[in-house]
Amino acid sequence: MFERFGDDARQALVRAQEEAGALGHDYIGTEHLLLGLAALEIGDAGVLSSFGATREALVGQTLAEIGPGRPPDAAALASIGIDLEEVRRRVEDVFGPGALERTRAGRVFCAERRFTPRSKKALELATKEARRLGHGYVGAEHLLLGVLALREGLAVKLLENLGASPDRIREAVLERLGPRAA
Amino acid sequence: MTTEASELAEATASKDPRAGLTAVAALRSLLESLEELQVENARAQGWTWKEIAGCLNVSKQAVHKKYGRRWGRRG
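Those protein sequences? They're chains A and B, same order as listed.
If you're matching positions, the first sequence starts at 1 in the working numbering and goes up one per residue.
If you're matching positions, the second sequence starts at 1 in the working numbering and goes up one per residue.
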């Protein structure tokens, strides 16, 4: 699915994962996609801040809507001086890849966060937007268009809370992409 | 006191109970996870419950009750 994703879109996805982790959420929802885009202000996704949807504002709204999750175990262990990655590496040296995660108690150490069905849908819509615009890659701007096109999920709600109309952001992105895009 | 121990003391004494308790819970999960891997490995290498219990500093009954069903029938 990600083979056509450009560097900036990939960066945004990595950042989305990090933002989810910082909030203690164990999934990547549309709100985290939006946060990843707002945090990087890359390409035409930088348009978000001109609508008042800065990373800080979005974090505030996310916390107001759903609150923080459980802090990730890696961060909790780091707070007492234990480097989970180092422990994982040493355990895997002896017992093989994924050893820690396959134990009963170890499932909580699973580092990977999954995309929610809605954020998967947003990624699909991003690919469609890129194709519709005749672009051979999926960039950060298409990712933003995908999130906006979803019309449901927390991301859209956060924008509306901030008085940033998803439709107007969409228009602004298309305008930046050039007259032929709209 | 080692660095780790002093940091542990610091975190468990943290004014924010949430941070301290979460760290304790994560540490317990890690401990359980490592114990499971080590017991499984010891059983696979033919260790008796008595030997395993001796190393873990618990009673043979305790370790057998916890893991006996899973890796009981070996060697």
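We put the CB at the ideal spot given by N, CA and C, even for glycine.
*Is V138(A) helix, strand or coil by DSSP?*
Start at 1 with the first residue of the first sequence, and residue 138(A) comes out as number 138. Three-state result, V138(A): strand.
*What are the start and end residues of the alpha helix (DSSP H) that includes G164(A)?*
Position 164 of the first sequence holds residue 164(A). Here residue 164(A) is Ala; the residue named in the question, Gly, does not match the sequence. Counting along the chain, A164(A) falls outside any alpha helix (DSSP H), and DSSP gives it neither H nor E.
*Under 9 Å between C-beta atoms, does K15(B) make it to chain A?*
Counted from its first residue, the second sequence places residue 15(B) at position 15. Output row for K15(B): interface = no.
*Going by Cα to Cα distance, which pick from L174(A), R170(A) and A126(A) is closest to A12(A)?*
As a working note, residue 12(A) is residue 12 in the first sequence. When the alpha-carbon of A12(A) is set against those of L174(A), R170(A) and A126(A), the nearest one is in A126(A).
_Nonlocal neighbours in the same chain, by C-beta distance under 7 Å from L23(A), ignoring five residues either side_ = In the first sequence, counting from the first residue as 1, residue 23(A) sits at position 23. If the five residues before and after L23(A) are omitted, its C-beta is found closer than 7 Å to the C-beta atoms of T62, P68 and G69, all from its own chain and listed in chain order.
*Measure the beta-carbon distance from A44(B) to I52(B) and round it to whole angstroms, keeping in mind my assumption that it falls under 8 Å.*
Here residue 44(B) refers to the residue found at position 44 when the second sequence is read from its first residue. Here residue 52(B) refers to the residue found at position 52 when the second sequence is read from its first residue. Their Cβ separation, rounded to whole angstroms, is 12 Å, which puts A44(B) and I52(B) out of contact at 8 Å.
*asked:* Once the 5 residues before and after G75(B) are set aside, which same chain residues still bring their CB inside 7 Å of it?
replied: As a working mapping, residue 75(B) is identified with position 75 in the second sequence. Since pLDDT at G75(B) reaches only 42, below the 50 mark, its modelled position is unreliable, and no value is offered.
*Which of helix, strand or coil does DSSP assign to I28(A)?*
The count along the first sequence starts at 1 and reaches residue 28(A) at position 28. Reduced to three states, the DSSP call for I28(A) is strand.
*In chain A, which residues lie with their C-beta within 8 Å of the C-beta of A23(B)?*
Against the second sequence, residue 23(B) aligns to sequence position 23. The answer, in chain order, is A76, L77, S79 and I80.
*Which partner residues does F109(A) have in the DSSP bridge list?*
Here residue 109(A) refers to the residue found at position 109 of the first sequence. Paired residues: none, contrary to the question.
*Name the one or two DSSP bridge partners that F5(A) has.*
Along the first sequence, read from residue 1 onward, the residue named residue 5(A) stands at position 5. The secondary-structure analysis by DSSP pairs F5(A) across a beta bridge with V138(A).
_Quick check on A9(A): buried or exposed, where buried means 16 or more other Cβ atoms within 10 Å of its Cβ?_
The count along the first sequence starts at 1 and reaches residue 9(A) at position 9. Classification of A9(A): buried, given that the 10 Å Cβ count is 16 or more.
*Where does F95(A) fall in DSSP's three states?*
Walking along the first sequence from the start, residue 95(A) turns up at place 95. Residue state for F95(A) is assigned as helix, using DSSP reduced to three classes.
_Please tell me whether L56(B) has its Cβ less than 9 Å away from any Cβ of chain A._
For the purposes of this step, residue 56(B) is taken as residue 56 along the second sequence, with counting starting at 1. Cβ-Cβ to chain A under 9 Å: no for L56(B).
*How is R15(A) classed by DSSP in three states: helix, strand or coil?*
Taking the first residue of the first sequence as 1, we reach residue 15(A) at position 15. Under the three-state reduction of DSSP, R15(A) is assigned to helix.
*Give the range of the alpha helix (DSSP H) segment to which D73(A) is assigned.*
Counting from 1 along the first sequence, the entry for residue 73(A) is found at position 73. Looking at the DSSP string, the run of the alpha helix (DSSP H) that includes D73(A) is D73 to A78.
_Taking the straight line between their C-alpha atoms, what separation do you get for V138(A) and V94(A)?_
In the first sequence, counting from the first residue as 1, residue 138(A) sits at position 138. In the first sequence, counting from the first residue as 1, residue 94(A) sits at position 94. Rounded to whole angstroms, V138(A) and V94(A) show a C-alpha spacing of 41 Å.
*Would A99(A) count as contacting chain B if we go by Cβ distances under 9 Å?*
Start at 1 with the first residue of the first sequence, and residue 99(A) comes out as number 99. Chain B contact via Cβ: present.
*Starting from the Cα of A76(A), find the closest Cα among L27(B), D16(B) and K15(B) and give me that residue.*
Position 76 of the first sequence, counted from the start, is the residue given in the question as residue 76(A). Minimum Cα-Cα distance from A76(A) among the listed residues L27(B), D16(B) and K15(B) corresponds to L27(B).
_Which same chain residues end up closer than 7 Å to A16(A) when comparing Cβ atoms and leaving out the 5 residues on each side of it in sequence?_
Counted from its first residue, the first sequence places residue 16(A) at position 16. Result list for A16(A): I28, H32, L33, L35 and G36, in chain order.
*E36(B) to R104(A) span [Cα, whole Å]*: By one-based count along the second sequence, residue 36(B) stands at place 36. By one-based count along the first sequence, residue 104(A) stands at place 104. Each residue's alpha carbon lies about 8 Å from the other.
*Does the Cβ-Cβ distance between D73(A) and L30(B) come in under 9 Å?*
The sequence position of residue 73(A) within the first sequence is 73, counting from 1. The sequence position of residue 30(B) within the second sequence is 30, counting from 1. The Cβ-Cβ distance between D73(A) and L30(B) falls below 9 Å.
*Residues that S29(B) contacts on chain A, provided the C-beta gap is smaller than 8 Å*: Your numbering for residue 29(B) matches position 29 in the second sequence. Neighbours of S29(B) in chain A, taken as residues at a C-beta separation under 8 Å, are given in chain order as D73, A105, G106, V108 and F109.
*Does any CB atom of chain B fall closer than 9 Å to the CB of F95(A)?*
Reading the first sequence from its first residue, position 95 is the one you call residue 95(A). Put simply, the CB of F95(A) is near chain B, with a gap under 9 Å to one of its CB atoms.
*Hey, is V138(A) close to the ligand ATP, as in C-beta under 8 Å from one of its heavy atoms?*
Within the structure as shown, the ligand ATP is missing, as the structure has no ligands at all.
*Is it right to say V47(A) is buried, meaning 16 or more other beta carbons lie within 10 angstroms of its own, or is it exposed?*
In the first sequence, residue 47(A) corresponds to position 47, counting from 1. Burial call: buried.
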